[in-house]
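Chains as they are written, first to last, in the working numbering: chain B, 27 to 543; chain A, 36 to 321.
A virtual CB, placed ideally from N, CA and C, is assigned to each residue, including glycine.
Note that this is a predicted model, so its numbers are computed, not measured.
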């Protein structure tokens, strides 16, 4: 017997169709995964089930909950929603009240369903159930980690003992290990409470690990429904095949490129942030973001820096390219040294470049793309204007874009194109070492493989060295020759990818490997 | 957003439309007075003084027999010129200070902030009194006083806007491209805060007109035989009970100009506000 039955659901914004004729059922106790890229209409579908569509959206088609159509009356709908549907959103910080302790927020949700005298007991049992400790209830949201906040959100969603739990990208703002834990928690809770689950994600692997049935959305159309095993083994639609391949992520491996010639060295790099001002009291101990880190990159070698969020890997990357200075230690690139005292010289700056995580944030929206991409050419004084233009054209072609795009503004490009442009900007000075800070994590799954392939091709063609920063071991494995694992500002393990995967030494490495989906 | 499209969008905003048309009418009247006024206001005509509203003198005449409409037109011109130049002073000094403070940080930022606080401690009237006691009352000194008052306002707006932009990755990218902090301030930060500055300028313009009227009213601004709206108020004060129109007309003019400019500023802010812009893309999708 289906708990949720959707028939010919269509959601329009004016003339634009966001969700186009979707029909599917979610069985009682079933777990349905909706997968699709940003803008494919998956969140809207979930909002339609709980009648929370944004203003301006018009809905047609029918939705049955427990074999009854959703009530038109707003009050009746609110009652149905409160008693039967729990929701968990992507960003727990914005869904929690920053001025209220966790206990009160959970208690508020319980109070809507249970008499007052039961609230206290229920709070504690819910906190336990989602894997938090009683003391966490006394804290404010900002005192919890991202994973803990998401657990609080789940506790609130469970307060009314809902029949249906809707999770909208609940793990995409979490790091890999935490994601795994949250997925396990959801799995357990659904079993224990016999809850039905609607799980929305752009991550096929996360969906497949949790759900029985998977629906693939593209441009508002439901193009494929199958059980999760079937989708992986035998995808029918071309788009699903792309997604599955991206999830299995096959990028042709490179033959051993790296030479023995050392290119870059980091020696006992330490970065300390003071956490208090001049007069604040009591003084916090200074935060050691990067602690005595030393490593070496050879010419044409690709090295990855892997670790959970907050381990200091981005801080290290900024120091490597010269955006900030270490408190102790120094770097050597080719023959030159820079570090605590010496400013990065211009002639050295051209040998280093950085590709940022978020392609939407790395271009000035008021500048044409051509202007932004050619900006680093300022570092090459000797180049004549003609040569600069031909260098720009050559670089743009090398990342697979055409030169007539140079007159456009950033908002006219897709995420994947922008990341190509960001790579072009990083390569235009012909640097020796390119630092890539999570280069694909902000991109949709289906274009990640493309970008990684581009990176591999460029490296073999130009003999580049990469320092790749990421939290995703699988992605890293396809690109690099050496993996360094970082925890609390220290490098705890460094080895070849094969060794890391076959024979991890450090506990964190083991955890990271275990968290892979 | 192209300029033409922006204007179309702004124009569909009611308060922008009212403010824009109203301000434009007064600005045009003021500009016309440079070349032509119904009567020459330097010519005294005592025989025709205190005339009521009539077809010959549309708004009547004052205690020297000067045509009130002509007086209002050239008075508005003075007010607009004073406010415009004062905004110009604030923009040309305050904006670079604010941008450089945000871009360099450190001791320069500290100095700019403390300098701002220092200037904020003296309202325009107080600094005008200081300036005029030293240099004597005149329209030019009023301009300088109001202009100095505008500097910290623009510095603060520019720094605030720049700080919200400086954390973007493209600023880091520009630094990696060898751009200096100075260069970043004007190539990357300035183009991204122009809309903020335009809104603030329209607000400061109306404040400038008010401040000029205030200064002239207490005798520290424009001096006769030149005229300004504030000066007209001052001269009409002693005759208010007998001939109220002499004070009411310039008073209404001041109020109208200030309200129109504020509506214009409100409309601009609504159109340029990034939050509302996001709303617009939602609306566009619908």
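Check	Outcome
Of all the options 345/B, 74/B, 361/B and 505/B, which has the alpha carbon lying nearest to the alpha carbon of residue 95/B?	74/B
Find out if the Cβ-Cβ distance for the pair residue 207/A, residue 349/B is shorter than 8 angstroms.	yes
What's the call for residue 420/B, buried or exposed, on a 16-neighbour Cβ count within 10 Å?	exposed
Tell me whether residue 113/B sits in a helix, a strand or coil according to DSSP, three-state version.	strand
Span of the beta strand (DSSP E) holding residue 51/B?	42-53
Any chance you could list the beta strand (DSSP E) runs of at least 3 consecutive residues sitting entirely within the region 378-466 of chain B, in chain order?	378-381 and 459-463
Going by C-alpha to C-alpha distance, which of 177/B, 172/B, 63/B and 485/B sits closest to residue 156/B?	177/B
Three Cβ pairs or more, each shorter than 8 angstroms: is that satisfied between the region 453-472 of chain B and the region 55-67 of chain B?	yes
Using a beta-carbon distance below 8 angstroms, is residue 234/A in contact with chain B?	no
Which class does residue 134/A belong to by DSSP, given the choice of helix, strand or coil?	helix
Compute the distance between the beta-carbons of residue 61/A and residue 295/A, then report whether it is under 8 angstroms.	yes
Could you tell me whether any Cβ in chain B is nearer than 8 angstroms to the Cβ of residue 150/A?	no
Where does residue 304/A land, buried or exposed, given buried means 16+ other C-beta within 10 angstroms?	buried
Put residue 31/B into one of helix, strand or coil per three-state DSSP.	strand
If I'm right that residue 538/B touches residue 480/B with Cβ under 8 angstroms, what's the distance once you round it to whole angstroms?	Not really, about 25 angstroms apart at Cβ, beyond 8 angstroms.
For the ligand PLP, is there a heavy atom less than 7 angstroms away from the beta-carbon of residue 58/B?	Questions concerning the ligand PLP fall outside what the structure shown contains, since it holds no ligand whatsoever.
Express the C-alpha separation of residue 221/A and residue 74/A in angstroms, rounding to a whole number.	48 angstroms
Closest to residue 236/A by CA distance: which of 50/A, 105/A, 43/A and 130/A is it?	130/A
Between the region 268-300 of chain A and chain B, which residues of the former have CB atoms less than 9 angstroms from a CB of the latter, in chain order?	none
Mind listing, in chain order, the continuous beta strand (DSSP E) runs of no fewer than 3 residues lying wholly within the region 250-302 of chain A?	none
Shortest alpha-carbon distance to residue 215/B belongs to which of 231/B, 200/B, 227/B and 192/B?	192/B
Taking only beta-carbon atoms, is residue 401/B less than 8 angstroms away from chain A?	yes
For the region 71-147 of chain B, list the beta strand (DSSP E) runs that are entirely contained and at least 3 residues long, ordered along the chain.	83-91 and 111-114
Where do the ends of the alpha helix (DSSP H) carrying residue 217/B lie?	202-219
In three-state DSSP terms, what is residue 166/B?	coil
Could you check whether the Cβ of residue 382/B sits closer than 8 angstroms to any Cβ belonging to chain A?	yes
Identify every residue that forms a DSSP beta bridge with residue 190/B.	111/B and 222/B
Determine, for residue 405/B, whether the minimum Cβ-Cβ distance to residues of chain A falls below 8 angstroms.	yes
For a contact meaning CB atoms closer than 7 angstroms, what does residue 140/A contact in chain B?	Residues of chain B passing the Cβ test: none, with the nearest at roughly 13 angstroms.
With 8 angstroms as the threshold, decide whether the Cβ of residue 158/B is near any Cβ in chain A.	no
Start and end of the beta strand (DSSP E) containing residue 288/B?	288-299
I'd like to know whether the C-beta of residue 214/A is nearer than 8 angstroms to at least one C-beta of chain B.	yes
Listed in chain order, which residues of the region 233-264 of chain A have Cβ atoms closer than 9 angstroms to some Cβ of chain B?	none
Could you tell me whether any Cβ in chain B is nearer than 8 angstroms to the Cβ of residue 105/A?	no
Would residue 520/B pass as a contact of residue 389/B if the rule is Cβ separation under 8 angstroms?	no
With DSSP as the reference, identify every bridge partner of residue 102/A, one or two as the case may be.	96/A
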